[in-house]
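Our numbering numbers the first residue of the sequence shown as 11 and each following residue consecutively. Just so it is clear, CB atoms sit at the ideal spot from N, CA and C, and this is done for glycine as well. For reference, the structure discussed in these notes is given below.
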Amino acid sequence: MTADRIIDLRSDTVTKPTAGMRAAMAAADVGDDVFGDDPTVNRLEEMAAERVGKEAAMFVPSGTMGNLCALLAHTQPGDEVLLGSECHIYHYEVGGMARIGGLLAHPLPNREDGSIAPEDVRAAIRPQNIHSPRVTLLCLENTHNRCGGAALRVETTDALCAAAHEAGLRVHLDGARIFNASVALGVPVERLARGADSVMFCFSKGLGAPVGSILCGERDFIERARRFRKMLGGGMRQAGVLAAAAIYALEHHVGRLAEDHENAKLLAEGLRQFEAFLPNEPETNIVVAEVRRGTVEGWLRAFAEEGVLAVPFGPGRFRMVTHLDVSRADIEEALRRIGRAVHSVSTT
Ligand code: TLP
């Protein structure tokens, strides 16, 4: 590691494919996936469906498209969707559910652990009459990005799914980082996703693939979702080169997520030593710190001058994410550089 190497903690999306992953991509057998002819995509879809315990799966270019296809396939335009007030679908997916799906978002307060109170779900389910929109879907997120990578417990997910199902709603789980939750909790992904009707997860985050996410659910739901993926321009052709990276990620990069979680803890402990920052106690790979002195923009500029990158994350907060391309030594170095930034800000 050279002294001036950038330590990029903006997201776990910044990883570059390893030599092993690139070799698997180069060797991939491919075909036209819109015709259903890509053997590597087909293999990935079978593997992913099996891992999450669902009947079928559909490979998509991004988590955003996976979530949107799920919302479109579960609902009709004009329906109301219950979701967490801090969730990714609501904050960071460009309002696609409203613009493209014609859906009404009903945010329910997210608690610090990323959950929603089951009573809030029950209270939000309106009695059906001529005045009300149809309430048809509940969305959950695990791990919860804006709640500092919190891992939703099985009991929490099960209780929320039960509350939704009792009222005839379906449940979609945005599991962009569900493998992080699985490793942190020591619970198989299949168990975490069991109560949900559909689950989307990403290969291009902690799992270290360059592109790709997958939507899993019942066979007829995935068939409906395939039409929406095509409509959104997500029908890919020789996508096996990408699916090969995703298969490699599932086979080689799941167990190692524990290292990212350890590194996030080390980073949070280090940040806590500076009175300017109040970090969360990360359960997974996301550190969110409140700024107690100065501004987020000012601190991010000072970190960047020392070669450490982070992103603003809501009022008065910044986020740092650990991943495959940062080692424990990199985190120690990042903390030394942050120390220098704190020193230079307090002496200027
Ligand atoms: N999240 C990105 C940014 O959009 C904030 C990040 O850097 O964390 N669900 C969740 C929970 C996510 O965190 C993300 C990406 C997505 C869905 C969307 O995935 P992509 O970026 O593949 O569309």
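- Check the Cα spacing between residue 214 and each of 158, 71 and 45: the tightest is with 71.
- If you look at residue 227, you'll find it in the beta strand (DSSP E) that goes 223-227.
- When secondary structure is reduced to three states using DSSP, residue 140 falls in the coil class, being assigned neither helix nor strand.
- Residue state for residue 28 is assigned as coil, using DSSP reduced to three classes.
- Beyond the five residues adjoining it in sequence on each side, residue 105 comes within less than 7 Å, by CB distance, of no other residue in the same chain.
- Residue pairing by DSSP places residue 126 opposite 120 in a beta bridge.
- Relative to the ligand TLP, the nearest heavy atom lies less than 7 Å away from the CB of residue 77.
- Using a Cβ distance threshold of 8 Å, residue 111 and residue 153 do not count as a contacting pair.
- Leaving aside the five residues that flank residue 313 on each side, the residues in its chain whose CB is nearer than 8 Å to its CB run, in chain order, 319, 320, 347, 348 and 351.
- In the DSSP assignment, residue 193 falls outside any beta strand (DSSP E) and lies within the alpha helix (DSSP H) extending over 188-195.
- Secondary structure of residue 97 (DSSP, three-state): coil.
- Within the stretch 204-269, the complete beta strand (DSSP E) segments of 3 residues or longer fall at 208-212 and 223-227, listed in chain order.
- The beta carbon of residue 132 sits closer than 7 Å to the beta carbons of 173 from its chain, once the five residues preceding and following it are set aside; these are given in chain order.
- Secondary structure at residue 284: coil, using DSSP grouped into helix, strand and coil.
- DSSP places residue 165 inside the alpha helix (DSSP H), whose first and last residues are 164-176.
- Judged by pairs of C-beta atoms under 8 Å, the stretch 91-102 does not touch the stretch 59-66, as fewer than three such pairs exist.
- For residue 67, no alpha helix (DSSP H) segment is defined; the enclosing uninterrupted segment is the beta strand (DSSP E) at 66-70.
- Beyond the five residues adjoining it in sequence on each side, residue 25 comes within less than 6 Å, by CB distance, of 218, 333, 334 and 335 in the same chain, given in chain order.
- When DSSP states are grouped into helix, strand and coil, residue 294 belongs to the coil group.
- Residue burial is scored here from C-beta neighbours: residue 240 has fewer than 16 other C-beta atoms within 10 angstroms and is therefore classed as exposed.
- An exposed status is given to residue 357, since fewer than 16 other beta-carbon atoms sit within 10 Å of its beta-carbon.
- The beta carbons of residue 341 and residue 273 sit closer together than 8 Å.
- Between the stretch 33-53 and the stretch 242-254 there are three or more C-beta pairs closer than 8 Å, enough to call the two in contact.
- Residue 89 carries a coil assignment under DSSP once its states are collapsed to helix, strand and coil.
- In the DSSP assignment, residue 18 forms a beta bridge with 319.
- Remark: the shortest separation between the CB of residue 320 and any heavy atom of the ligand TLP does not fall under 7 Å.
- Exclusion of the five residues before and after residue 180 leaves 84, 146, 147, 148, 174, 207 and 208 as the residues of its chain whose Cβ lies within less than 8 Å of its Cβ.
- When DSSP reads this structure, residue 157 sits in no beta bridge, so it has no partner.
- Sequence-distant Cβ neighbours of residue 165 in its own chain, meaning closer than 8 Å and more than five residues away, do not exist here.
- Per DSSP, reduced to three states, the secondary structure at residue 331 is strand.
- In the three-state DSSP reduction, residue 145 falls in the strand class (E or B).
- The C-alpha of residue 49 lies about 10 Å from the C-alpha of residue 55.
- Per DSSP, reduced to three states, the secondary structure at residue 307 is helical.
- Classified as exposed, residue 29 has fewer than 16 neighbouring CB atoms from the shown chains inside 10 Å of its CB.
- The beta carbon of residue 81 sits closer than 6 Å to the beta carbons of 107 and 111 from its chain, once the five residues preceding and following it are set aside; these are given in chain order.
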